[in-house]
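Take a look at the structure below.
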Amino acid sequence: MLVFNRADVDQPFLTHNAELLALVAPQLESELTQQLAQKSLPEQVKGIVKKLLAGQGPTLRGVARELRLSTRTLQRRLTADCTKFQQLMEEARRELAQHYLLHSSLELNEAAYLLGYEDANSFFRAFHQWEGTSPGEWRAVHAHRASSNHASASVA
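For the sequence shown, this note's numbering gives the first residue as 178, with consecutive numbering after it.
Here you go:
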């Protein structure tokens, strides 16, 4: 994941090299696909959901297409793993939410958008259901813990 400041996005990208990108991108995509293929089906689904969340929004059909499966085959395999697509989507959102809150300076509204929520209130409600607290409070507590752990590790 790359996170940019808004002002930086407006700056020209002086070192853009379309030829190099065309050369490197297929290899990177191939390696990502290979790494994903080594994971369990639920982990593969969550990985694809995470990739699709900030775009058009993940659907069972879209994820099945990414896995080169029919929608019915994906449903059947998830059922065999005792899991449901909606459950995996919620787990992916929760994991990404925690990552965004701990490892970025994203505003809560921006995090809500990247997680595929129509509005921040929907994200706040979902987060409170997952964690029992608001995203802002969770970030403050866990950021404090992370900085305390980092400081004590530096001293040792």
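Using N, Cα and C, we set each Cβ at its ideal position, and we do this for glycine too.
Quantities reported herein were computed from a predicted structural model and do not represent experimental measurements.
Proximal residues to residue i (C-beta, below 6 Å), its chain only, five neighbours per side dropped
i       : result
Ala-289 : Ala-297, Phe-300
Leu-291 : Ala-231
Nonlocal neighbours in the same chain, by C-beta distance under 7 Å from residue i, ignoring five residues either side
i       : result
Val-332 : Low local confidence applies: a pLDDT of 47 at Val-332 is under 50, so the model's placement there is unreliable, with the coordinate-based value given in what follows. Closer than 7 Å at the Cβ level, and outside the excluded window around Val-332, lies no residue.
Asp-187 : none
Glu-243 : Ile-225
His-305 : Ser-311
Pick from the options that is closest to residue i, judged by C-alpha positions
i       : options                            : result
Glu-295 : Leu-200, Glu-196, Ile-225, Gln-233 : Gln-233
Lys-261 : Asp-187, His-280, Val-226, Leu-278 : Val-226
Arg-270 : Leu-205, Gln-204, Leu-229          : Leu-229
His-321 : His-305, Val-201, Leu-278          : Leu-278
Ala-303 : Glu-272, Leu-283, Glu-208          : Glu-272
Trp-307 : Asn-182, Ala-199, Ala-274          : Ala-274
Arg-183 : Gly-293, His-305, Leu-283, Leu-197 : Leu-283
Proximal residues to residue i (C-beta, below 8 Å), its chain only, five neighbours per side dropped
i       : result
Gln-263 : none
Lys-334 : The structure shown does not extend to residue 334, since the chain is modelled only from 178 through 333, so no value can be given for it.
Ser-247 : Ala-241
Leu-237 : Thr-248, Leu-251, Gln-252, Phe-262
Gly-293 : Leu-230, Ala-231, Gly-234, Pro-235, Arg-270
Inter-residue CB distance, residue i and residue j (contact presumed, cutoff 8 Å)
i       : j       : result
Leu-218 : Arg-254 : 5 Å
Met-266 : Pro-312 : Between Pro-312 and Met-266 the Cβ distance is about 18 Å, and since that is not below 8 Å, they are no contact.
Val-201 : Ser-281 : Actually they are not in contact, since the Cβ atoms of Val-201 and Ser-281 sit about 25 Å apart, beyond 8 Å.
Q: Could I get the ranges of all uninterrupted alpha helix (DSSP H) runs contained in the region 201-289, with 4 residues as the minimum, in chain order?
A: Correct list: 218-229, 237-243, 248-257, 262-280.
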